[in-house]
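Quick note on my numbering: the sequence shown kicks off at 634 and runs consecutively. Everything on this sheet refers to the single structure shown next.
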Amino acid sequence: MRIKFIHIIFIFISLFIQQLNLRAQRINVSARIDSTSIVIGNQAHIHLTAAYDTKNGLPKIQWPHIPDSLISKVDVISKSKVDTIIPDKTHPTIQQQVQDITIASYDSGFYALPPFRFVLNGDTGNPVLTEAILFQVQTVHVDTAKGFKDIKGPIQVKFSILDYFTYILLGLLGLIIIAGIVWFIIWSSRKRTPVAVVEEPKIIIPPHIVALEELEKLAMKKLWQEGKIKEYYTSITDILREYIYGRYEIGAPEMTSDEILFSLKRKDIPEAMKQKLREILVLADLVKFAKENPLPNDHEFCLNASIDFVKETAIKEEEVITPDAGATNQPELNSVTQ
């Protein structure tokens, strides 16, 4: 029994404290219209204000719902967002929330706008109301004693260069910028010194020098001594084909042995050298296609005969035309004996 009594007392104390907080957080609301009399079709502005003190905490204010029409024949044109301001900087705890509403009416008469309803801290049973607003909408005064006048036509506006001053200034500025860019491009092109490109002369190595060097390298590899017979003869014929291509401008790398020999018939080549070339090519074809296995003497003969052929058919010094360079010493290979 005593516990129930204490519980009831606790509930009454809580309600009493809550009422004290509500009263401590009481707000002052107001609704003010900027003009109590407007002409039909014109607009009026309502300024809503909710003032409060934040010493006892920030109150939770529910602003009134603003429909499209406040009452019949009074339409809401626009409404601003709710903003919080501090009207007096010396008392920062006193704040205001404000909102502006624009209304208009298209029918004359007297109108009474109902109070705006604010709810504090969710207490819908005790809303805070503003005062009602009274205002008048008047018709346009018409003097019936005077006759009706025609509608005025378009008014001819006098030309003034000042109206186009901004556009003229921008146009001149654009022309100056374009002229500056063109001048800079021309000045840069005149000042720029052309750089002479000096091409290094290409060194053309005579085909017989290349062939002799390749034959010497082939001798140093000792292919046939290691049993690489086919690779050895293929290398010899490839070197000779490239030499004939460079020396006589004949497509020897793509020709058969018979085609090469036929193409060299009318060339100024000693018959002995033609015979050596024929023996080299025939022996090489037997090795590559008939799997012939020549004797060591045949291997040495093919290499030495190839060297002789290149030396005997090489371009003579009096035939070489060097436009910018003097004569160069050309290496000479002796016959190789394995």
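Note that the Cβ used here is the ideal one computed from N, Cα and C, for glycine as well.
Per the DSSP calculation, N689 is bridged to which residue(s)? Answer is none; N689 lacks a bridge partner.
Could you spell out where the beta strand (DSSP E) holding G879 opens and where it closes? Not the beta strand (DSSP E): G879 falls in the alpha helix (DSSP H), residues 862 to 881.
Excluding sequence positions up to five away, which residues of its chain have a Cβ less than 6 angstroms from the Cβ of R665? H680
Bridge partners of D708, per DSSP? S702, A737
Can you tell which of I734, T726, P720 has its C-alpha closest to the C-alpha of D701? I734
Kindly indicate the opening and closing residues of the alpha helix (DSSP H) around L845. 840 to 854
Nearest-angstrom Cβ-Cβ length linking R911 and L936, presumed shorter than 8 angstroms: At roughly 16 angstroms, the Cβ-Cβ gap does not stay under 8 angstroms, so R911 and L936 are not in contact.
Can you find a CB in chain E that lies within less than 8 angstroms of the CB of K791? In the structure shown, chain E cannot be found, because there is only a single protein chain.
Out of G879, Q908, L753, point me to the one whose CA is closest to D891's CA. Q908
Rounded straight-line distance, which links the Cα of R823 to that of L806: 26 angstroms
Counting only runs of 3+ residues fully inside the stretch 743 to 821, write out the beta strand (DSSP E) ranges in chain order. 750 to 753, 766 to 771
So, with DSSP's three-state summary, where would you put I940? helix
My output table needs one value for I673: the three-state DSSP class, helix, strand or coil. coil
Alpha carbon to alpha carbon, what distance is there between I902 and T946? 7 angstroms
By the three-class DSSP mapping on this structure, what secondary structure does A947 have? coil
Taking the CB atoms as reference points, tell me whether Q728 and T717 lie closer together than 8 angstroms. yes
Report yes if the CB atom of I883 is closer than 8 angstroms to the CB atom of S939, and no otherwise. no
Pull up the DSSP beta-bridge partners for S663, would you. T682
Per DSSP, which one or two residues make a beta bridge with D901? DSSP, once it has assigned bridges, lists no residue as partnering D901.
By the three-class DSSP mapping on this structure, what secondary structure does D721 have? coil
Would you mind working out which of V752, I948, P748 sits nearest I842, comparing C-alpha positions? I948
8 angstroms Cβ cutoff met for K900 and Y881: yes
Assign E847 to buried or exposed, taking buried as 16 or more other Cβ atoms, counted over all protein chains shown, within 10 Å of its Cβ. buried
Outcome for Q858 when other beta-carbon atoms lying within 10 angstroms are tallied against a minimum of 16: exposed
Using only alpha-carbon positions, find the residue among E833, S821, A917 that is nearest to T867. A917
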